[in-house]
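Asks: Structure incoming, see below.
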Amino acid sequence: MGLPWYRVHTVVLNDPGRLISVHIMHTALVAGWAGSMALYELAVFDPSDPVLDPMWRQGMFVIPFMTRLGITNSWGGWSITGGTIANPGIWSYEGVAGAHIVFSGLCFLAAIWHWVYWDLEIFCDERTGKPSLDLPKIFGIHLFLSGLACFGFGAFHVTGLYGPGIWVSDPYGLTGKVQSVNPAWGVEGFDPFVSGGIASHHIAAGTLGILAAYSILVSARLNVYTKDYVWAILKPSCPVVSLLSFLQLLLLLELCGMGYFQQEIYRRVGAGLAENQSLSEAWSKIPEKLAFYDYIGNNPAKGGLFRAGSMDSGDGIAVGWLGHPIFRDKEGRELFTELLEPMFPFRRAESKYSVEQVGVTVEFYGGELNGVSYSDPATVKKYARRAQLGEIFELDRATLKSDGALKSDGVFRSSPRGWFTFGHASFALLFFFGHIWHGARTLFRDVFAGIDPDLDAQVEFGTFQKIGDPTTRRQVV
200 MGLPWYRVHT VVLNDPGRLI SVHIMHTALV AGWAGSMALY ELAVFDPSDP VLDPMWRQGM
260 FVIPFMTRLG ITNSWGGWSI TGGTIANPGI WSYEGVAGAH IVFSGLCFLA AIWHWVYWDL
320 EIFCDERTGK PSLDLPKIFG IHLFLSGLAC FGFGAFHVTG LYGPGIWVSD PYGLTGKVQS
380 VNPAWGVEGF DPFVSGGIAS HHIAAGTLGI LAAYSILVSA RLNVYTKDYV WAILKPSCPV
440 VSLLSFLQLL LLLELCGMGY FQQEIYRRVG AGLAENQSLS EAWSKIPEKL AFYDYIGNNP
500 AKGGLFRAGS MDSGDGIAVG WLGHPIFRDK EGRELFTELL EPMFPFRRAE SKYSVEQVGV
560 TVEFYGGELN GVSYSDPATV KKYARRAQLG EIFELDRATL KSDGALKSDG VFRSSPRGWF
620 TFGHASFALL FFFGHIWHGA RTLFRDVFAG IDPDLDAQVE FGTFQKIGDP TTRRQVV
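The opening residue of the sequence shown carries number 200 in this note's numbering; numbering runs sequentially from there.
Encoded structure:
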């Protein structure tokens with residue numbers, strides 16, 4: 200009888216050689232996808248405007264990760280921060296992608312080798328000659344290697360001692376760049392926006408892993424069959440992957456995009472007015488990048504997660520900031536538009552007075568229309584509608600075309616930050632259910648197998664006059 204689809208992995212359950220093989224092949228697939236996806240994104244990525252058309256507006260998924268880890272240059276001669284590069288070096292975006300593909304190929308060959316040469320002496324107990332694994336030793340070795348890698352990343356790569364450092368920025372995502380980071384050993388290290396916590400946590404976690412591995416390796420060891428191996432590996436996976444859904448906070452604004460910055464904009468304008476600047480001068484000093492964050496189309500909560508395509512495929516490519524509109528009635532009183540909510544943008548409103556009756560005008564401060572005012576009701580209404588989405592930007596919906604049809608369809612998309620969060624939350628659920636499943640199989644192994652441990656005596660030939668009936672036990676004469 201063939202195995203059902205959910206039991207097929209039993210073919211490697213007590214076969215450590217081929218269990219290693221399928222894990223190596225899985226690593227090959229993951230590394231191969233990462234390298235191939237990076238090359239695809241580099242082929243379609245436009246680096247010409249890092250302010251208004253950054254990677255997260257273009258739907259890049261793996262380029263932000265490479266940038267966060269210190270990669271900023273391309274063999275194509277461009278830098279993610281703008282400008283050109285004469286000598287990008289070997290560790291460019293393309294170099295990292297190529298390294299992943301080469302590593303994938305090596306893992307593929309290693310997986311084939313382990314599948315063919317599965318019956319190795321290392322998997323047998325040298326005393327009995329029977330298949331046996333020293334799982335505490337295996338766990339200790341893996342823990343030592345992972346702890347060493349974790350410590351090395353925090354102590355050398357992040358700190359810049361032997362590596363590039365990582366991408367860090369200010370709280371408003373305006374001054375991002377790659378630089379070395381000093382460890383933060385105080386309570387501030389737990390703030391997800393303090394980059395020093397990344398270095399200190401990796402150093403601390405790596406040190407703990409190395410010490411724990413040493414303790415395990417020098418202690419007494421037991422021989423355990425591989426049927427418990429899956430449970431031993433899966434048990435810590437759920438909290439680890441769940442934690443990754445929180446760590447997406449560490450992906451900075453320039454790399455993934457974020458939402459609402461109106462308070463910081465108004466704070467800066469207020470500070471300018473306090474210094475006797477005019478309203479036009481104060482708004483003109485607002486960075487275009489900061490104003491762009493206050494456009495609600497950049498909020499990761501806008502748009503359905505399952506609308507395929509980049510954010511540019513929704514509202515188009517941002518070309519420029521038109522400026523901050525201020526609406527006034529004919530008596531000079533300032534009027535305000537209410538911003539749409541990111542999650543539930545459905546609203547019905549009733550207006551007692553029309554734009555024509557009130558005599559509404561709009562004047563722009565900062566941006567491309569600085570100092571320009573409009574009193575035409577149709578134009579005022581147009582900008583009033585657009586002001587509900589935050590700061591007003593000129594958006595190009597004609598450039599992105601596919602077979603003559605517009606790709607920018609006017610429907611908001613979620614940002615890569617939304618995808619990262621959704622993906623890791625989904626994986627956390629899968630690992631959690633796997634945790635429950637394999638835990639139940641371990642605790643109730645006999646029930647899942649359908650075999651009662653007391654069944655042997657009942658079906659033993661000659662024990663009962665009627666097989667399986669314990670009330671008909673034969674009496675020994």
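For glycine and all other residues, C-beta sits at the position ideal for the given N, C-alpha and C.
For the putative contact between K336 and L416, defined by C-beta atoms under 8 Å, what is the C-beta separation to the nearest angstrom?
Replies: Their Cβ separation, rounded to whole angstroms, is 6 Å, which keeps K336 and L416 in contact under 8 Å.
Asks: Counting along the chain, where does the alpha helix (DSSP H) carrying I340 start and finish?
Replies: Its alpha helix (DSSP H) spans residues L334 to G351.
Asks: Looking only at its own chain, which residues have a Cβ that is under 6 Å from the Cβ of K376, when we skip the five neighbours before and after it?
Replies: Correct list: empty, nothing qualifies.
Asks: Which residues in the same chain as F663 place their Cβ atom closer than 6 Å to its Cβ, once the five residues preceding and following it in sequence are excluded?
Replies: The residues are T671 and R672.
Asks: Spatial neighbours of G339 within its chain, please: C-beta separation below 7 Å, excluding the five flanking residues on both sides.
Replies: Taken in chain order, the residues that qualify are A412, I415 and L416.
Asks: Name, in chain order, the residues that DSSP records as bridge partners for E567.
Replies: Paired residue(s): none; E567 is not in a bridge.
Asks: Starting from the Cα of A233, find the closest Cα among I262, G531, E320 and L344 and give me that residue.
Replies: When each option's Cα is compared against that of A233, the closest is I262.
Asks: Under 6 Å Cβ to Cβ from L478, same chain only, skipping five residues before and after it: list those, please.
Replies: Excluding positions up to five away in sequence, the list reads Y564.
Asks: Going by the CB atoms, is the gap between E533 and I525 shorter than 8 Å?
Replies: In this structure, E533 lies closer than 8 Å to I525 by Cβ.
Asks: Please check the pair V207 and L218, which I expect to be a contact at CB under 8 Å, by giving their CB distance rounded to whole angstroms.
Replies: So it is not a contact: roughly 13 Å between Cβ atoms.
Asks: Please name the residue in T271, V518 and Y371 whose C-alpha comes closest to that of G281.
Replies: For G281, the nearest C-alpha among the options comes from T271.
Asks: Would you mind listing the alpha helix (DSSP H) stretches within the stretch 223-256 that are 4+ residues and don't spill past its ends, in chain order?
Replies: None, since the stretch 223-256 contains no complete alpha helix (DSSP H) of that length.
Asks: CA-CA distance, C306 and I223?
Replies: Each residue's Cα considered, the two are about 6 Å apart.
Asks: Indicate whether K349 and G304 have their beta-carbon atoms separated by less than 8 Å.
Replies: Note that residue 349 corresponds to Cys in the displayed sequence, not to Lys. The answer is no: Cβ separation not under 8 Å.
Asks: Give the straight-line distance between the Cα atoms of M259 and A354, rounded to the nearest whole angstrom.
Replies: Looking at the two C-alpha atoms, the distance is approximately 29 Å.
Asks: Would you check if the distance between the CB atom of F352 and the CB atom of H401 is smaller than 8 Å?
Replies: Yes. Within cutoff.
Asks: Can you give the Cα-Cα distance for V440 and H623, rounded to whole angstroms?
Replies: Bear in mind that a pLDDT of 47 at V440, under 50, signals an unreliable position, so the number given afterwards is only what the model happens to contain. When rounded, the distance between both Cα atoms is 7 Å.
Asks: For the candidate residues P499, E293 and H523, whose alpha-carbon lies nearest to that of G513?
Replies: Here the closest residue by C-alpha is P499.
Asks: So which of E567, V554 and I495 has the shortest CA-CA distance to K581?
Replies: When each option's Cα is compared against that of K581, the closest is V554.
Asks: In angstroms with no decimal places, state the Cα-to-Cα distance between V557 and S574.
Replies: Roughly 11 Å between the two C-alpha positions.
Asks: From F643 to E240, what distance separates their C-alpha atoms?
Replies: Distance between the alpha carbons of F643 and E240 is about 47 Å.
Asks: How close, in whole Å, do the beta carbons of W520 and E590 come, if the pair is a contact with beta carbons under 8 Å?
Replies: Contact flag correct, Cβ pair sits at about 6 Å.
Asks: Give the secondary structure of A507 by DSSP, where H, G and I count as helix, E and B as strand, and everything else as coil.
Replies: Coil, per DSSP.
Asks: Would F389 be called buried (16 or more neighbouring beta carbons within 10 Å of its own) or exposed?
Replies: So F389 ends up on the exposed side.
Asks: For G328, count neighbouring Cβ atoms within 10 angstroms of its own Cβ and tell me buried if that reaches 16, exposed if not.
Replies: It is exposed - the Cβ of G328 has fewer than 16 other Cβ atoms within 10 Å.
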